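Heads up, the thing below is written out as structure tokens.
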Amino acid sequence: MRRSTGPDLERSAPVVSTPSPVAHEPEPAVEPAVEPAVEQPTAYPPRSQHRPIRGMEPGNPLLQRGDTGTRVRDLQARLAALAWYFDRPDGRYDADTVAAVRGFQRKREIPVTGRVDQRTLDRLHAMTGEPTRDQLGLHNVPGPLDPRCRTGRVLCVDKSSQTLRWVVDGQVRKTVDVRFGATYTPTREGVFSVYLKSRDHVSRLYDSPMPFAMFFSGGQAVHYSSDFAARGYSGASHGCVNVRDYDAVAWLYDQVQVGDEVVVYWS
């Protein structure tokens, strides 16, 4: 017998004279004293726990809390497009804007400061398009009251700001967002009066519901529009003045009387 010279040092193996298939060598009975130099995989934290790249420092703030103006309004609209900002853009860099910026920075692994530096702004612009007037919140900023709206009871409809104001003796009692007819079915302009009210009206021409309809010129009326509520200014009416706030138009319907004036104008 001859002692084995393999890794198994605890026992000897007999010499087999007949050929046989190659077999795996037996596992060593004694664990080697020295570990093999094999690099163990590193356990990395989940992506959400990653810190910004080492050495990445915040840039100089371009916008920060307390700032106001069109650039802040644009920032808010872009953050809203990415579901970070949920209020109507107003151009004021307030606590909600700070929170939205911080959330965006954290998600994009940018130093989280709540202030907008060039890196933050570039990334935000790369991910969003140019905001529309509606997204900027500019559609519904009322202009000055038309002089014809300053006396009596008037539904004062401003096409420029896309608002309707319920005015009594010169005092604005309610303001709501509205939209108008398309180019081929424009909402008529001028001075009219409410001649018919119909709470649960359905259009015979278009077979569509017109809740809280207040007719002022032929088939044109102020009424609630579920389409306006769902699609905003991406749609248009057939000439009516659409209101998207159901509770507001229900309230208006109870205030307005047949004979009250309706003024439709550009401010």
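Reading the sequence shown from the start, the letters are residues 204 to 470 in this note's numbering.
Beta carbons are placed, not taken as given, at the ideal position from N, Cα and C, and that holds for glycine.
The structure displayed is predicted, hence computed values, not measured ones.
Exercise. Tell me where the beta strand (DSSP E) around G393 begins and ends.
Key: 393-396
Quiz item: Where does G317 land, buried or exposed, given buried means 16+ other C-beta within 10 angstroms?
Solution: buried
Quiz item: Is the region 441-458 touching the region 375-383, taking contact as three or more C-beta pairs under 8 Å?
Solution: yes
Quiz item: How would you label F395, buried or exposed, when you count the other beta carbons within 10 angstroms and need 16 or more for buried?
Solution: buried
Practice problem: Tell me whether A416 sits in a helix, a strand or coil according to DSSP, three-state version. | Solution: strand
Quiz item: If we count Cβ pairs, one from each stretch, closer than 8 Å, do we get three or more for the region 338-357 versus the region 403-413?
Solution: no
Quiz item: Going along the chain, which residues of its own chain have a beta-carbon closer than 7 Å to the beta-carbon of R353, five neighbours each way excluded?
Solution: G373
Exercise. Determine, using beta-carbon pairs with one atom in the region 306-321 and one in the region 280-294, whether at least three such pairs fall under 8 Å.
Key: yes
Quiz item: If you draw a straight line from the C-alpha of V397 to the C-alpha of P314, how long is it?
Solution: 58 Å
Quiz prompt | Per-residue burial, H426 [other beta carbons within 10 Å of its own, 16 or more giving buried] | solution = buried
Exercise. Answer with yes or no whether the minimum CB distance from N343 to chain B is below 7 Å.
Key: The structure shown contains no chain B; it is built from a single protein chain.
Practice problem: Could you name the residues of the same chain whose beta carbon sits closer than 6 Å to that of R291, not counting the 5 residues immediately before and after it, in chain order? | Solution: G340
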